[in-house]
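Engineer: For the sequence shown, the residue numbers in full-length UniProt numbering are 1 to 652.
Idealized CB from N, CA, C, for every residue including glycine.
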Amino acid sequence: MTLPLYPLMGFNYQRDIDDLTDSENDGDWQPSAISQINGLDAQDYLNDFAATNAIGSLESHADFNQLMTSPAQDIQTIFSTWGGNSMFYPGDELTFLLENGTHISTNWWAVYTYPSSTGALETGGDFYNFFVLGYYPASYDPNATESSTAAPTTTGTSAATSTAQDAPATSSALASWDNVAYPNPDIAQPGLGTFGAGFVSGYFLKQSSVAVLSLPSFQEPGSAVGSFSDTVTRFLNASKAAGMQKVVIDVQQNYGGDVFLAVDTYKQFFPNQEPYGGSRMRATNPTNAMGEAVTSYWQGLNDTDADYYDFYDDEWMPLTRINADTNDNFTSWSEFYGPHVYNGDSFTTTQRYDFNDNLFSTLSTDDEDDDGFTVYGTDGRPANTTQPYAAKDIIILSDALCSSACAVFMEMMHHEAGVRTVVAGGRSSYGPMQAPSMSRGAVAETIDSLDYRIGVAQQLLQESSNPSSANFLPNRTTATDVWITYADINLRDQVRKGGDIPLQFVYEAATCRIFYTPKTFYNYTALWTYAADAMWNNAALCVQDSTGYSTTSATNTTAPPSSVLPSPQPSTSTDPNLGSIIISVLSGSSPSAHAPILDTGAPTKQGQLAYEGTPCSSTKKCPTTEYFCLGPTSLKCDAQTKKPIEGSFCVP
């Protein structure tokens with residue numbers, strides 16, 4: 001387990017935000033900007049920090065945005081990379097130099113944000129054993145009944161909690177985010193709130209005739225899927241009735257969720273358009289083995305079998321999906337599998353969802369309503385054929401942290417319907433910025449989920465007439481050089497109609513880029529107004545050199561010249577590439593580099609593990625089964641400290 005790191009001053013970030021807000025309302029005081037962090041230029045330090053700690057995105061602008069606290073993040077209790085979600089130890093010191101000459105010194109704190117009872121962690125070794133190796137202290141039994149009088153544990157600060165008493169009073173009949181950045185909504189999904197099931201809210205900026213639909217997530221529990229869709233419907237009806245002329249759709253901090261909710265929302269804006277939504281898998285021998293096993297099993301079931309429904313929307317059973325080449329359902333696994341070769345790689349046939357299949361949409365969203373979930377504008381839920389707003393009167397506002405189902409939504413709205421996009425933030429440089437900059441895959445799959453699916457397929461094959469075919473993958477516990485506790489992969493690429501390049505690798509410039517300012521950072525009414533003005537009233541508000549690179553109909557797009565793009569961050573890490581390790585294992589081969597070299601029998605010192613960091617090589621083994629040799633085979637030492645700076649070391 002990795003502990004997130006907070007700057008000590010980060011625990012008072014709401015105080016700092018309040019100070020910035022007050023400075024905007026009080027012309028007599030202006031805060032001094034930060035000039036240096038740890039002796040480095042502040043921008044350079046933050047750029048490097050983002051490159052090291054941010055979840056990998058498509059460009060450094062999005063990495064930088066991950067550092068920043070956001071109200072759309074606060075309401076979902078997500079920590080920023082700087083404020084509680086950094087992964088690598090940055091050193092003991094944290095110093096700031098302000099432009100007015102003030103020096104501030106503080107420290108980093110490691111905070112356990114997912115608390116459970118640990119027993120007494122009294123030494124560094126105890127700490128390491130628990131958080132890294134997963135071992136409880138010998139004196140503690142985790143299965144013992146915990147005291148019912150244990151004090152509740154907090155997990156850090158959130159603006160939603162800190163600002164509750166400062167937020168404007170809300171109607172008792174209407175939910176609110178209870179966050180100072182958000183005004184009271186005119187339309188709200190039932191259960192709206194940090195700890196509720198609602199995400200959708202709508203706001204009418206009457207002074208500008210602009211309506212705002214806020215969608216910070218598409219990830220709903222089954223009990224709230226129907227109310228999500230219903231709230232979008234109520235928003236559109238009410239916004240037209242109120243005379244709103246234009247719409248801003250705010251997807252800041254939207255990391256995805258149910259793709260059918262994304263499609264449903266798209267169809268409510270464009271009821272007469274059929275989204276393409278093409279996607280495909282990589283075609284590998286393990287993919288073929290799994291799909292053949294699951295599909296053959298499902299074909300032998302009938303609709304009175306529970307497994308018939310369990311596998312109806314399964315990723316490895318394509319017969320309930322549409323062949324994008326024929327617009328008919330797949331009739332066999334082999335028709336789906338192909339394979340088809342593009343740019344030297346093998347892929348399955350491009351698939352599409354059958355949005356008229358009410359059973360599929362219900363199972364995919366885990367909808368709990370008796371009538372199931374039906375996508376708006378399909379056979380089971382006919383649409384009002386009058387389009388509520390023209391594409392030119394809609395914009396999507398993003399902070400680039402738009403992933404998975406959010407990226408699917410933006411692809412449909414922008415490239416298929418022609419809606420323009422505005423992206424906010426990024427590094428302190430001019431030029432364009434991409435609006436969806438996280439995963440643009442069609443579906444995300446956790447390693448745990450994939451491992452379960454592999455196990456199901458292997459069981460089906462073992463019970464078949466050819467049980468030896470179940471060995472289509474090496475042992476996934478021992479085949480990698482690293483112990484993977486959590487990983488998430490893109491199971492299917494998104495591709496455009498007529499295209500063969502995955503959207504993950506296509507440059508997607510926003511129509512306009514804007515910077516956050518002290519006036520807009522924690523005031524979303526001001527931010528929405530600024531974005532609307534930049535798009536409809538004053539193009540000069542867009543960041544210099546950021547416009548003119550967006551397209552709404554091209555199958556493939558070209559990146560702008562390198563002179564206007566952010567400089568890539570150099571990688572100084574000697575860590576193994578986790579992605580390549582996972583891909584090699586899932587492709588049925590073992591990774592070639594740095595195979596573990598194990599031995600047995602090494603004891604540990606009291607309270608301290610003895611062998612981490614011990615130099616090793618292809619011939620020199622690590623002295624315990626809990627460690628293996630990882631890294632290059634050559635060993636270099638620093639001339640001054642004599643400590644190794646490059647080489648192979650024993651790691652847990």
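(1) By a C-beta neighbour count over all protein chains shown, 10 Å radius and 16 as the cutoff for buried, is Met410 buried or exposed?
(2) Since Ala442 contacts Ser279 with CB under 8 Å, what's their CB separation in whole angstroms?
(3) Tell me the DSSP secondary structure of residue 729 in three-state form.
(4) Return helix, strand or coil for Leu94, following the three-state DSSP convention.
(5) For Tyr135 and Met87, I'd like the C-alpha separation in whole angstroms.
(6) Between the Cα of Pro142 and those of Gly119, Thr446 and Thr331, spot the shortest distance and give me the residue it belongs to.
(7) Leaving aside the five residues before and after Leu460 along the sequence, list all residues of the same chain whose C-beta is less than 6 Å from its C-beta, in chain order.
(8) Could you have a look at Asn65 and say whether DSSP puts it in helix, strand or coil?
(9) Just curious, the alpha helix (DSSP H) that Cys406 is in, first and last residue?
(10) Using the beta-carbon count (16 or more within 10 Å), is Asp139 buried or exposed?
(11) Go ahead and label Glu122 buried or exposed: buried means 16 or more other beta carbons lie within 10 angstroms of its beta carbon, across all protein chains shown.
(12) Compare the beta carbon distance of Phe347 and Pro339 with 8 Å and say whether it is the shorter of the two.
(13) Terminal residues of the continuous alpha helix (DSSP H) containing residue 653?
(14) Which residues in the same chain as Gly257 place their Cβ atom closer than 6 Å to its Cβ, once the five residues preceding and following it in sequence are excluded?
(15) Do you know how far the Cα of Leu133 is from the Cα of Ala262?
(16) Helix, strand or coil for Arg329 per DSSP?
(17) Which of the three DSSP states, helix, strand or coil, is assigned to Gly418?
(18) Give the straight-line distance between the Cα atoms of Gln458 and Asn471, rounded to the nearest whole angstrom.
(19) Check for me: the alpha helix (DSSP H) holding Lys240 runs from which residue to which?
(20) What span of residues does the beta strand (DSSP E) with Trp528 cover, start to end?
(21) Given a cut-off of 8 Å, decide if Gly202 and Pro190 are closer than it, judged by their beta-carbon atoms.
(22) So what does DSSP say about Ser550, is it helix, strand or coil?
(23) Rounded to the nearest angstrom, what separates Met438 and Leu213 at their Cα positions?
(24) Between which two residues does the alpha helix (DSSP H) containing Ser364 stretch?
(25) So if DSSP puts Gly202 in a beta bridge, which residue, or which two residues, is it bridged to?
(26) Closest by CA to Ala289, which one among Ala51, Ile75, Asn323 and Ser468?
(27) So, with DSSP's three-state summary, where would you put Glu315?
(28) Compute the Euclidean distance between the alpha carbons of Gln351 and Ser361, then round it to the nearest angstrom.
(29) Per DSSP, what are the beta-bridge partners of Ile395 in this structure?
(30) In three-state terms, what does DSSP make of Leu401?
(31) Am I right that Pro566 and Arg427 are in contact with their C-beta atoms under 8 Å? What's the rounded C-beta distance?
(32) Taking the straight line between their C-alpha atoms, what separation do you get for Gly83 and His103?
(33) What is the rounded straight-line gap between the Cα of Phe131 and the Cα of Asn107?
(34) Who are Cys512's beta bridge partners in DSSP?
(35) Going by DSSP, what residue range makes up the beta strand (DSSP E) through Asp488?
(36) Please list the terminal residues of the continuous beta strand (DSSP E) segment that includes Thr446.
Structural biologist: Quick answer:
(1) Indexing the sequence shown from 1 puts residue 410 at position 410. Taking every protein chain shown into account, the CB of Met410 has 16 or more other CB atoms within 10 angstroms, so this residue is buried.
(2) Taking the first residue of the sequence shown as position 1, residue 442 is located at position 442. Taking the first residue of the sequence shown as position 1, residue 279 is located at position 279. The pair is a contact, with the Cβ atoms about 4 Å apart (cut-off 8 Å).
(3) The structure shown has nothing for residue 729, since the chain only spans 1 to 652.
(4) As a working mapping, residue 94 is identified with position 94 in the sequence shown. Strand, per DSSP.
(5) Within the sequence shown, the letter at position 135 stands for residue 135. Within the sequence shown, the letter at position 87 stands for residue 87. One alpha carbon belongs to Tyr135, the other to Met87, and they sit about 21 Å apart.
(6) Here the question's residue 142 lines up with position 142 in the sequence shown. Selected option, being the one with the closest Cα: Gly119.
(7) As a position in the sequence shown, residue 460 is number 460, starting the count at 1. Answer for Leu460: Ala293 and Tyr297, listed in chain order.
(8) As a working mapping, residue 65 is identified with position 65 in the sequence shown. Looking at Asn65 - three-state DSSP - the assignment turns out to be helix.
(9) Taking the first residue of the sequence shown as 1, we reach residue 406 at position 406. In the DSSP assignment, Cys406 falls within the alpha helix (DSSP H) that extends over Ala405 to Glu411.
(10) In the sequence shown, counting from the first residue as 1, residue 139 sits at position 139. The sequence shown places Ser at residue 139, rather than the Asp named in the question. Under this definition Ser139 is an exposed residue.
(11) Position 122 of the sequence shown holds residue 122. Counting Cβ neighbours within 10 Å, Glu122 comes out exposed, since fewer than 16 surround it.
(12) As a first step, residue 347 is located in the sequence shown; it is residue number 347 there, counting from the start. As a first step, residue 339 is located in the sequence shown; it is residue number 339 there, counting from the start. In contact: Phe347 and Pro339 (Cβ atoms closer than 8 Å).
(13) Summary: the structure shown does not reach residue 653, with the chain confined to residues 1 through 652, and so no result is reported for it.
(14) The sequence position of residue 257 within the sequence shown is 257, counting from 1. When the five nearest sequence neighbours on each side are left out, the beta carbons in the same chain lying within less than 6 Å of the beta carbon of Gly257 are those of Ser217, Phe218, Gln219 and Ala405, in order along the chain.
(15) The residue given as residue 262 occupies position 262 in the sequence shown. The residue given as residue 133 occupies position 133 in the sequence shown. Their backbone Cα atoms lie some 40 Å apart in a straight line.
(16) As a working note, residue 329 is residue 329 in the sequence shown. The sequence shown places Asn at residue 329, rather than the Arg named in the question. Here Asn329 sits in strand by DSSP.
(17) For the purposes of this step, residue 418 is taken as the residue at position 418 of the sequence shown. DSSP places Gly418 in coil when its eight states are reduced to three.
(18) Walking along the sequence shown from the start, residue 458 turns up at place 458. Walking along the sequence shown from the start, residue 471 turns up at place 471. Our two residues, Gln458 and Asn471, have alpha carbons roughly 7 Å apart in a direct line.
(19) By one-based count along the sequence shown, residue 240 stands at place 240. Val225 to Ala241 is the span of the alpha helix (DSSP H), which, as asked, contains Lys240.
(20) As a first step, residue 528 is located in the sequence shown; it is residue number 528 there, counting from the start. Where Trp528 is concerned, there is no enclosing beta strand (DSSP E), although the alpha helix (DSSP H) it sits in stretches over Tyr524 to Trp536.
(21) Stepping through the sequence shown from its first residue, residue 190 is reached at position 190. Stepping through the sequence shown from its first residue, residue 202 is reached at position 202. No, the Cβ-Cβ distance between Pro190 and Gly202 is not below 8 Å.
(22) On the sequence shown, position 550 is the one that residue 550 refers to. Correct three-state label for Ser550: coil.
(23) Translated into the one-based positions of the sequence shown, residue 438 becomes position 438. Translated into the one-based positions of the sequence shown, residue 213 becomes position 213. For Met438 and Leu213, the distance between alpha carbons rounds to 21 Å.
(24) Looking up residue 364 in the sequence shown gives position 364. Ser364: member of the alpha helix (DSSP H) spanning Asn358 to Thr365, first to last residue.
(25) Numbered from its first residue, the sequence shown carries residue 202 at position 202. For Gly202, the pairing in a beta bridge is given by DSSP as Ile187 and Leu213.
(26) Taking the first residue of the sequence shown as 1, we reach residue 289 at position 289. The candidate whose alpha carbon is nearest that of Ala289 is Ser468.
(27) In the sequence shown, counting from the first residue as 1, residue 315 sits at position 315. Assignment of Glu315 by DSSP, reduced to helix, strand and coil, places it in the coil class.
(28) Indexing the sequence shown from 1 puts residue 351 at position 351. Indexing the sequence shown from 1 puts residue 361 at position 361. Rounded to the nearest whole angstrom, the C-alpha separation of Gln351 and Ser361 is 15 Å.
(29) Taking the first residue of the sequence shown as 1, we reach residue 395 at position 395. Bridge partners of Ile395 according to DSSP: Val248 and Arg420.
(30) Taking the sequence shown and counting its residues from 1, the one referred to as residue 401 is at position 401. Three-state result, Leu401: coil.
(31) One-based indexing of the sequence shown puts residue 566 at position 566. One-based indexing of the sequence shown puts residue 427 at position 427. With 8 Å as the limit, Pro566 and Arg427 qualify as a contact, their Cβ atoms being about 5 Å apart.
(32) In the sequence shown, residue 83 corresponds to position 83, counting from 1. In the sequence shown, residue 103 corresponds to position 103, counting from 1. Distance between Gly83 and His103, taken at the CA atoms: about 20 Å.
(33) In the sequence shown, the residue the question calls residue 131 occupies position 131. In the sequence shown, the residue the question calls residue 107 occupies position 107. Each residue's alpha carbon lies about 21 Å from the other.
(34) Your numbering for residue 512 matches position 512 in the sequence shown. BP columns for Cys512 point to Val422.
(35) One-based indexing of the sequence shown puts residue 488 at position 488. Start and end: Asp488 to Val495.
(36) Your numbering for residue 446 matches position 446 in the sequence shown. Here the beta strand (DSSP E) through Thr446 covers Val443 to Thr446.
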